[in-house]
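Here's the structure we're looking at; comments come further down.
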Amino acid sequence: MQTHTPTTPFGRRTMSLGMMASQAVAKSVPDGALVQKWKAFQTIREARELIGATDRALAILNALLSFHPETELKGDGELIVWPSNEQLMARANGMPATTLRRHLAVLVDCGLIIRRDSPNGKRFARKGRGGQVEQAYGFDLSPIVARAEEFQELADTVRAEKNAFRIAKERLTLLRRDIVKLIETGIEENVPGNWGRVHQTYQAIVGRLPRSAPRQLVEDICCDLHGLYTEILDVLESFAKTQNPDANESHSGRHIQNSNPDSISESEEGSGKEDEASGSAAETDNVRSLPKRELPLGIVLDACPNLRELTQGGEIRHWRDFLAAAELARPMLAISPSAWRDACEVMGEQHAAITLAAIYQRSDQINSAGGYLRSLTDKARDGKFSTWPMIMALLRAKLDADKSAVKAGHEPPSGGEEGRLAVSEALLRSLNKPRS
């Protein structure tokens with residue numbers, strides 16, 4: 208939509224209501240008002256859609272500000288610049304004269320500048336004997352000073368909307384990805400259910416999404432997808448429990464959550480080790496019934512995300528990175544080299560590192576990490592400890608916390624700003640894999 212400055216039949220510009228409003232605002236500038244001109248320009252650029260300015264118009268505004276000699280715009284200073292059209296076109300990357308005039312009118316109508324025309328319509332400044340400007344005709348920048356707070360509020364609104372839209376789109380992507388993987392898991396594991404109908408329901412929800420959707424529609428679709436996601440997950444979890452009644456991760460994970468860390472010490476005799484090392488018959492049977500396969504790195508990192516904070520850039524891509532991070536965590540947990548060496552000899556270096564990562568994840572609940580590691584090493588030596596139930600317990604606690612937070616209307620603690628209530632493919636397969 209092009210904006211033109213109204214003219215009389217004789218070619219002279221007339222005064223529009225918008226121009227009159229801008230002039231009224233400019234007159235209200237306090238004498239002590241002060242803004243950084245380039246910071247103000249950045250704010251205007253961010254809020255340009257709400258202000259009504261075009262990119263071309265802002266290119267001209269940038270050029271106009273460059274003609275102001277100071278970096279600050281003062282309410283009691285000289286705020287009129289008077290460049291010729293040729294000078295403006297040169298600083299606006301060679302913009303044609305007709306385009307220049309059209310977008311100058313946009314700046315005026317948006318209330319960003321005010322025209323201060325001379326009697327003959329030309330732009331110039333009349334200076335006194337001391338070289339100071341006594342009278343200037345051109346473009347008045349005072350609205351930028353007068354409306355600085357308004358522009359800042361508009362920019363904040365735009366940033367908040369963009370951030371909310373970004374979060375909604377990320378959540379949509381995660382939900383779409385994880386629902387498809389959940390359906391695949393149900394089909395592959397022969398979970399009873401009409402998975403074809405479930406997939407049709409998913410397609411119907413996603414089919415409401417146009418190529419370019421507003422934020423509210425994206426959030427509405429996310430709400431529907433989240434409901435479908437929760438239903439599928441409940442079905443898979445119920446099936447997993449019926450297949451493995453003795454493999455309740457929250458029960459087998461009590462060596463972390465239900466232990467009495469205050470009774471653990473790292474003495475060689477380990478007077479407090481008995482409470483940790485002794486397990487019920489059900490726990491021992493559960494450990495022995497675990498699948499004979501290695502834990503994928505992705506699952507371990509899902510369960511123990513705190514270990515990432517010890518790595519450069521927060522990335523752990525290979526087991527060697529994981530082992531290096533565990534070596535950094537050991538002294539932070541005050542685990543002695545001898546306790547660590549024993550754990551590596553009994554469990555193997557990789558499983559010892561997984562155990563240490565789980566201890567680090569729950570370090571705030573464990574009084575003596577070294578004594579705890581020794582007790583688990585003793586249990587592993589007797590064939591009564593595996594890293595599997597420890598990791599599954601952490602994963603279950605994380606997922607339950609996310610579900611509880613969503614039901615309470617809060618952001619999931621493990622989901623971050625995306626509001627994510629989702630898990631990786633490796634995690635889903637492991638949680639729902641029948642164990643034998």
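Numbered per the working numbering, the sequence shown spans residues 208 to 643.
Beta carbons: idealized from backbone N, C-alpha and C, even for Gly.
Given the structure is predicted, the values throughout are model-derived calculations rather than measurements.
Bridge partners - residue i, DSSP secondary structure assignment
i    : result
A332 : A343
L280 : V242
R322 : F346
I287 : D347
Short Cβ contact (9 angstroms threshold) for residue i with residue j
i    : j    : result
I351 : L280 : yes
T261 : V315 : no
L319 : I412 : no
G345 : I267 : no
V387 : Y409 : yes
A270 : R298 : yes
S291 : R330 : yes
A532 : G577 : no
D283 : I321 : no
E391 : F446 : no
E368 : R404 : no
K246 : E277 : no
A541 : S582 : no
L432 : L382 : yes
R515 : L504 : no
V553 : R588 : yes
A420 : A240 : no
Residues near residue i by beta carbon distance below 8 angstroms, same chain, minus five either side
i    : result
I394 : W402
L389 : Y436, I439, L440, L443 and L635
R323 : I287, A343, Y344, G345, F346 and D347
E476 : Low confidence applies to E476: its pLDDT is 37, below 50, so where it sits in the model is not reliable, and the reading given next is rough at best. Excluding positions up to five away in sequence, the list is empty.
R333 : V340, E341, Q342 and A343
C551 : A559
A371 : R422
Chain B contact for residue i (CB, 9 angstroms cutoff)
i    : result
P290 : No chain B is present in this structure, which holds just one protein chain.
Extent of the continuous alpha helix (DSSP H) to which residue i belongs
i    : result
M554 : P544 to M554
S273 : D262 to S273
I506 : L504 to A510
H310 : A304 to D316
Q294 : N292 to R298
L514 : No alpha helix (DSSP H) holds L514; DSSP gives it neither H nor E.
V413 : W402 to V413
V398 : Careful: V398 lies outside any alpha helix (DSSP H) and carries neither H nor E.
K586 : A576 to R588
P538 : W526 to M539
R255 : R255 to I258
Spatial neighbours of residue i in its chain, beta-carbon cut-off 6 angstroms, leaving aside the 5 residues before and after
i    : result
Q464 : With a pLDDT of 37 at Q464, under the threshold of 50, the modelled position of that residue is not reliable, and the figure given next carries that caveat. Here the set comprises nothing.
L424 : none
C317 : I258, G259 and A260
E285 : V340
7 angstroms CB neighbourhood of residue i in its chain, flanking five on each side removed
i    : result
H558 : T594
V398 : V442, L443 and F446
A560 : F529, L530 and A533
T518 : D528 and A532
A304 : N292 and M296
M539 : none
N327 : none
G400 : G393 and V442
T306 : R263
Whole-angstrom C-beta distance between residue j and residue i, which should lie under 8 angstroms
i    : j    : result
L535 : L563 : The pair is not a contact, with the Cβ atoms about 10 angstroms apart (cut-off 8 angstroms).
V365 : E522 : Actually they do not touch by this definition, with Cβ atoms about 32 angstroms apart.
E426 : A355 : 32 angstroms between Cβ atoms; not a contact.
D549 : T584 : 5 angstroms
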